[in-house]
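Novice:
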Amino acid sequence: MNKFLFFLMFCLSISSYAQKQQFTHQDTLRGSITEERAWWDLTYYHLDIAVHPDTKSITGKNTIHYKVLENHQVLQIDLQSPLIINKVTQNDKELKIRTDGNAHFITLIEKQKKGSINTIEVFYGGKPREAVRAPWDGGISWKKDENGNPFIASSCQGLGASVWWPNKDHMYDEVDSMLVSVNVPKKLMNISNGRLQKVEEHDNDTKTFHWFVSNPINNYGVNINIGDYVHFGEKYQGEKGILDMDYYVLRNNLDAAKKQFKDAPKMMKAFEHWFGPYPFYEDSFKLVEVPYLGMEHQSSVTYGNKYMNGYLGNDLSGTGWGLKFDFIIIHESGHEWFANNITYKDAADMWIHESFTAYSESLFLDYYYGKTAASEYIIGTRKGIKNDRPIIGTYHVNHEGSGDMYYKGANMLHTLRQLIEDDEKWRIILRGLNKDFYHQTVTTKQIEDYISKHTNIDLTAFFNQYLRDTKIPTLEYEFNETGLKYRYVDIVKNFDMPIRLKVDGKDQWITPNATWQTTTLKAKEINIDPNFYIKVQSL
12 MNKFLFFLMF
22 CLSISSYAQK
32 QQFTHQDTLR
42 GSITEERAWW
52 DLTYYHLDIA
62 VHPDTKSITG
72 KNTIHYKVLE
82 NHQVLQIDLQ
92 SPLIINKVTQ
102 NDKELKIRTD
112 GNAHFITLIE
122 KQKKGSINTI
132 EVFYGGKPRE
142 AVRAPWDGGI
152 SWKKDENGNP
162 FIASSCQGLG
172 ASVWWPNKDH
182 MYDEVDSMLV
192 SVNVPKKLMN
202 ISNGRLQKVE
212 EHDNDTKTFH
222 WFVSNPINNY
232 GVNINIGDYV
242 HFGEKYQGEK
252 GILDMDYYVL
262 RNNLDAAKKQ
272 FKDAPKMMKA
282 FEHWFGPYPF
292 YEDSFKLVEV
302 PYLGMEHQSS
312 VTYGNKYMNG
322 YLGNDLSGTG
332 WGLKFDFIII
342 HESGHEWFAN
352 NITYKDAADM
362 WIHESFTAYS
372 ESLFLDYYYG
382 KTAASEYIIG
392 TRKGIKNDRP
402 IIGTYHVNHE
412 GSGDMYYKGA
422 NMLHTLRQLI
432 EDDEKWRIIL
442 RGLNKDFYHQ
452 TVTTKQIEDY
462 ISKHTNIDLT
472 AFFNQYLRDT
482 KIPTLEYEFN
492 ETGLKYRYVD
502 IVKNFDMPIR
512 LKVDGKDQWI
522 TPNATWQTTT
532 LKAKEINIDP
542 NFYIKVQSL
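Counted the way our numbering counts, the sequence shown spans residues 12 to 550.
1) If you draw a straight line from the C-alpha of residue 143 to the C-alpha of residue 410, how long is it?
2) Which word fits residue 348, buried or exposed, when buried means at least 16 other C-beta atoms lie within 10 angstroms of its C-beta?
3) Using the C-alpha atoms, what's the distance from residue 239 back to residue 200?
4) Between the alpha carbons of residue 511 and residue 333, how many angstroms are there, rounded?
5) Output the distance between the C-alpha atoms of residue 444 and residue 458, rounded to the nearest integer angstrom.
6) When you compare only the Cα positions, how much space is there between residue 350 and residue 305?
7) Please report how far the alpha carbon of residue 363 lies from the alpha carbon of residue 146, in whole angstroms.
8) Is it true that the CB of residue 403 sits closer than 7 Å to the CB of residue 478?
9) Taking the beta carbon of residue 139 as the centre, do at least 16 other beta carbons fall within 10 Å, making it buried, or is it exposed?
10) Using a Cβ-Cβ cutoff of less than 6 Å, which residues in the same chain neighbour residue 529 once the five nearest sequence positions on both sides are dropped?
11) Work out the CA separation of residue 174 and residue 231 for me, nearest whole Å.
12) What is the DSSP secondary structure of residue 506, reduced to helix, strand or coil?
13) Do residue 236 and residue 164 have their beta-carbon atoms positioned less than 7 Å apart in this structure?
14) Just reading off the alpha helix (DSSP H) that residue 40 is part of, what are its end residues?
15) Name the DSSP beta bridge partners of residue 89, please?
16) Are the beta-carbon atoms belonging to residue 341 and residue 300 less than 7 Å from one another?
17) Runs of 3 residues minimum, wholly inside the region 135 to 192: which ones carry the beta strand (DSSP E) assignment?
18) Is residue 186 near residue 123, with beta carbons less than 7 Å apart?
19) State the DSSP-derived secondary structure class of residue 349, mapped to helix, strand or coil.
20) Ordered along the chain, which non-local residues of its own chain (more than five positions away) have a Cβ less than 7 Å from that of residue 244?
21) Where does residue 61 fall in DSSP's three states?
22) Does at least one heavy atom of the ligand FMN sit under 6 Å from the Cβ of residue 447?
23) For a test of the three-state rule: what should DSSP assign to residue 217, helix, strand or coil?
24) Counting only runs that start and end within the region 431 to 513, where is the beta strand (DSSP E) found for 3 or more residues in a row?
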């Protein structure tokens, strides 16, 4: 079966499941800011682990530094079965653990004084969940390369980072900085986020790779990638100076990577133009080959697109434009701005990541091939929209919205660009989002309010229509003796989005709403601008 079709079928099955899903106590513990999470703020992690390919297991500890915001004595740490927390200590004193499914409640002995910075050590181990269909059904992928060497990688968006390491597994609180230390067999390398500080060699034929992340990072963005890698790289002259761009690929794929990864600096140039400076200069930019399709791990973007343009050689738009670039390099790198720089607080708002990043694919085309190419591409992706359920999910239970957050969301943004009618203003808004929400976690309301303010348009009904409803606005029209009669149906309350039409070769705007209106246009036929994501029905 075509892999893309398989992916679509998988998304549909997940969507159907979500519609029937009854949320559980565990969903609430995972998806809400519990009392045991709210009182402390993450400041630093040191994840120090050994990965054992032969037994598909992990052992080690996470040292967690936090600031006390309010006086409290119990904190929540998340780690998913079958991994086990062996013990938790603070100042060399072992602490009591109460386990409730994947949530572990640690009772602290010493009084937690407001404003203090404290540390706990969480020791753990076991065989983490093995990824089934990474990255959509994630965990750890334990594979072999064509030379028989272990080829291992993590992927855990949605499922949660606690599937392979203990942490505060909620998106609202990003750790300020982090050290990732990974011990692997001597003949292998581990590539993680940030910059490589040092490599330690040990007497037991292993090495430990120490990677330091100096910027805030979301928990699912943390990754390990273990294999028989070779490295090449380049220096990119970007908006904030010299950016190190490093590439780690399997030994046999070096020549293919040197050709295919030419899209990486092209991506950086286009996205710095549209979105502003790359958000993680201090931590560098990396592409790392993995045994699955790819993911947006911060400063360590993973790649498995088989060194082909398009999505595994397919054009998702059906227009030909999708074969002008490597989908994974462009899409997953776009997440450095929308997902890693600007991160949703609650999984229900995942559209903030995926809609903007799916839209970034067309902006890449816009930069290199022009506005027509970009429009044709984004319009072409509409065939994948299902309108099965709202783009926004259910809050506080770790529930994301419909897969339509990709291309319905992208077409919503493309439609918004038409309403603004000023491409430079639109670019300033996109750059402004990344500047004003730099390294922050955000809500849908914040994004909506920001765009409404900077467009000077009340977009309340617009966002309600496309984010919170499944209906697509339908323009009904007919010509009568007076002129053009028209209205919208299938709309939310107060929806009155203007649209552009071409009449006798000339552009004209109308502003339909739920009520029939008539204009004196004397044409037998109108052409609605296809850049607006609506349906059209002639009566």
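A virtual CB, placed ideally from N, CA and C, is assigned to each residue, including glycine.
Specialist: The answer reads as follows:
1) 20 Å
2) buried
3) 6 Å
4) 26 Å
5) 8 Å
6) 15 Å
7) 19 Å
8) yes
9) buried
10) 493, 494 and 496
11) 10 Å
12) coil
13) yes
14) 36 to 42
15) 114 and 178
16) no
17) 150 to 155 and 161 to 166
18) no
19) strand
20) 255, 256, 257 and 258
21) strand
22) Questions concerning the ligand FMN fall outside what the structure shown contains, since it holds no ligand whatsoever.
23) strand
24) 451 to 453, 485 to 490 and 495 to 500
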